[in-house]
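Its first residue numbered 4, the sequence shown is counted upward by one per residue in the numbering used here.
Using N, Cα and C, we set each Cβ at its ideal position, and we do this for glycine too.
Here the structure is a predicted model, which is why all the values come from computation and not from measurement.
Reviewing the structure listed below.
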Amino acid sequence: MKQSVFPFRSELVIRLSWVVFACVVWSCKDQEHPRPVEDPVKLSKIVWGPNDYQEFTYNTRGQIVRYVSQWTYIDDGSGATKKMTADFQYDHTSHLAKVIFGGGFYVKYHYQGNVLKKSEEYTSKDRLALTHTYQFGIGQRVTEVLTQVHDPLEEAVSQIKKTYAYDGRGNVIQEKVYGKLSPREAFYLSTITAYEDYDQQQTTGNLTDFFPYLPQAKMNVNNPGKQTVLGSDGSTVLSVRTFTYQYNQKGYPTQRTVQVQSDPPVPVSSASYQYQ
Numbered sequence: 004m005k006q007s008v009f010p011f012r013s014e015l016v017i018r019l020s021w022v023v024f025a026c027v028v029w030s031c032k033d034q035e036h037p038r039p040v041e042d043p044v045k046l047s048k049i050v051w052g053p054n055d056y057q058e059f060t061y062n063t064r065g066q067i068v069r070y071v072s073q074w075t076y077i078d079d080g081s082g083a084t085k086k087m088t089a090d091f092q093y094d095h096t097s098h099l100a101k102v103i104f105g106g107g108f109y110v111k112y113h114y115q116g117n118v119l120k121k122s123e124e125y126t127s128k129d130r131l132a133l134t135h136t137y138q139f140g141i142g143q144r145v146t147e148v149l150t151q152v153h154d155p156l157e158e159a160v161s162q163i164k165k166t167y168a169y170d171g172r173g174n175v176i177q178e179k180v181y182g183k184l185s186p187r188e189a190f191y192l193s194t195i196t197a198y199e200d201y202d203q204q205q206t207t208g209n210l211t212d213f214f215p216y217l218p219q220a221k222m223n224v225n226n227p228g229k230q231t232v233l234g235s236d237g238s239t240v241l242s243v244r245t246f247t248y249q250y251n252q253k254g255y256p257t258q259r260t261v262q263v264q265s266d267p268p269v270p271v272s273s274a275s276y277q278y279q
């Protein structure tokens, strides 16, 4: 039985279970992939509770320069509060060059001309841990991410591949995750995630659709109403989340409520959105 592709990830991949959405760096000189128009509405904070939030800081060009995420552990009963920070550095062409995390690990970005080709995750001891290569489709939509795991743990995956499909409006409708235990083996399908019931309102992504962070490339232009994660057989339901929203006068979400369908039941969670 094939294992999940996720257990190998170490300090470099701090994925919070309650984060969704996203904000990739391009140049307007690439005529096939023009820079998307900067949204004048900037997401500044998402608040889940008194000690749980995500905060976004931008420079005068509208580029993200600092990201702070704070959350409270509840599963282990400790109630401990943790904080993660990420600082973004840009090169002279305004391409994202490096992201440095509070724990000392960092991500470097590499381009071919004006097109992002790969990113590399390094440990706090400057050891290369993961390399990601990217493929893009119409409208700068990420269509594939191939991850090479350097020095993987025993019996852990050596490569991960993620593919993305979009609807006609540019909303992601499916993500497939594949794993490979060794270079000699073929990829095996691990999970399928479906997104549906999109609204007609605006969305400003944060940074959490992709890791490493890819600012400016949105996975969706509207807000999904449902997320379903299926097993590799395409029929076994692993999780279902439904989303409802409240909006401001410009049509951007001011509140998002998440209902997780599970047994035993999981309490409904709600987050408020603040803009600048």
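With distances taken Cα to Cα, identify the nearest neighbour of residue i among the options.
i: A159; options: P186, F214 and T239; result: P186
i: M87; options: S72, I163 and Y76; result: S72
i: G171; options: Y70, G142 and G106; result: G142
i: E157; options: V175, V148, K183 and I176; result: K183
i: G106; options: K120, K128 and G116; result: K128
i: T196; options: G208, P215 and E178; result: E178
i: V68; options: K101, D236 and V44; result: K101
i: V243; options: D200, Q205, Y250 and V148; result: D200
i: M222; options: Q205, D236 and L233; result: Q205
i: A83; options: Q138, N54, E123 and R64; result: N54
i: E188; options: I163, G173 and T207; result: I163
i: Y250; options: D202, E123 and V263; result: D202
i: F190; options: Q66, Q138, T150 and E124; result: T150
i: Y70; options: Y216, N117, D154 and Y114; result: Y216
Among residues of its own chain, excluding the 5 on either side of residue i, which ones have a beta-carbon nearer than 7 Å to its beta-carbon?
i: L99; result: V28, F91, Y93, Y112 and P218
i: G234; result: T194 and L241
One question on the structure: do residue i and residue j come within less than 8 Å of each other, judged by their Cβ atoms?
i: K228; j: T245; result: Rather than Lys, the amino acid found at residue 228 in this sequence is Gly. Going by C-beta atoms, G228 is nearer than 8 Å to T245.
i: Y167; j: T146; result: yes
i: Y255; j: V50; result: no
i: S238; j: Q258; result: no
i: Y56; j: K48; result: yes
i: Y169; j: R144; result: yes
i: Y278; j: L46; result: yes
i: T126; j: F104; result: no
i: Y248; j: N226; result: yes
i: S282; j: V152; result: Absent from the structure is residue 282, since the part of the chain shown begins at 4 and ends at 279.
If residue i and residue j are in contact, beta carbons under 8 Å, what's the gap, nearest whole angstrom?
i: T194; j: V180; result: 5 Å
Can you tell me whether residue i is buried or exposed, with buried defined as 16 or more other CB within 10 angstroms of its CB?
i: V271; result: exposed
i: A89; result: buried
i: G344; result: This structure does not reach residue 344, given that the chain is present from 4 up to 279, and the question cannot be answered.
i: Q34; result: No answer about Q34 holds up, because its pLDDT of 35 lies below 50 and its placement is not dependable.
i: P267; result: exposed
So, at 8 Å on beta carbons, what are the nonlocal neighbours of residue i in its own chain, with the 5 sequence-adjacent residues on each side left out?
i: G52; result: T75
Can you list, in chain order, the residues of its chain whose CB lies under 6 Å from that of residue i, leaving out five sequence neighbours each side?
i: Q230; result: Y198 and R244
i: S275; result: V50 and Q258
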